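First residue of the sequence shown? That's 1 in my numbering, and the numbers climb one at a time after it.
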Amino acid sequence: MHYEVLNRFNKIMPLLHPVNDMKINDSAVQENVIKLEALEKRILYHPSRDNRNFEELYENYKKKLELEANLEVAKAELKKAQSLLQLEELNCRKHVLRRLQYCDGNDVIQPKVRI
Numbered sequence: 001m002h003y004e005v006l007n008r009f010n011k012i013m014p015l016l017h018p019v020n021d022m023k024i025n026d027s028a029v030q031e032n033v034i035k036l037e038a039l040e041k042r043i044l045y046h047p048s049r050d051n052r053n054f055e056e057l058y059e060n061y062k063k064k065l066e067l068e069a070n071l072e073v074a075k076a077e078l079k080k081a082q083s084l085l086q087l088e089e090l091n092c093r094k095h096v097l098r099r100l101q102y103c104d105g106n107d108v109i110q111p112k113v114r115i
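This is the structure:
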């Protein structure tokens, strides 16, 4: 059945229009469709589209966005690793305080009175 549809439409599946083809009469959907069509026209007639290397510039921009997303992920991983190191250091400090009897078993600091 899929092949039959492709043969009917010259191997290109047509997009369904939500209002005309699917009969969606919701006003919010209709407004969004109008906005989408306006944006598509703006993209189509934008002056940068006339640039010979537009596709290359667009690909470079997509790569930049991907690298920025990777950078954010790396920053989050670094922050997580640093907090883990700080947690390990905190545990070592607690251990030292317990050994010196400045801290009880519940990690509450005890006053050390010496007379």
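We put the beta carbon where it would ideally sit given N, CA and C, even for glycine.
Model, not experiment: these values are computed from the prediction.
What separation, rounded to the nearest whole angstrom, lies between the Cα atoms of residue i and residue j?
i, j, result
"Met22", "Asn10", "22 Å"
"His17", "Ser48", "28 Å"
"Leu84", "Leu67", "25 Å"
"Glu4", "Val19", "25 Å"
"Tyr45", "Glu89", "59 Å"
"Tyr58", "Ala38", "20 Å"
"Leu6", "Leu15", "13 Å"
"Lys81", "Glu72", "Reading off the sequence, residue 81 comes out as Ala, not Lys. Cα to Cα, Ala81 sits roughly 14 Å from Glu72."
Considering only residues of the same chain and omitting the five flanking positions on each side of residue i, which have a CB-CB separation below 7 Å?
i, result
"Leu87", "none"
"Lys112", "Tyr102"
"Phe54", "Ser48"
"Asp107", "Lys94"
"Cys43", "Here the sequence assigns Ile to residue 43, which means Cys is not the residue at that position. Cβ neighbours of Ile43 beyond the five flanking positions: none."
I'd like to confirm the pairing. Which residues does DSSP put opposite residue i in its beta bridges?
i, result
"Cys103", "Ile109"
Got a sec? Which residues, its chain only, sit under 6 Å from residue i by beta carbon, not counting five neighbours each side?
i, result
"Leu97", "Cys103"
"Ile24", "Pro18"
Return the chain-ordered list of same chain residues with a C-beta closer than 8 Å to the C-beta of residue i, the five sequence neighbours on each side being excluded.
i, result
"Gln110", "Gln101, Tyr102, Cys103, Asp104"
Can you give, in chain order, each stretch of the alpha helix (DSSP H) that sits fully within the segment 1-75 and has at least 4 residues?
2-8, 27-44
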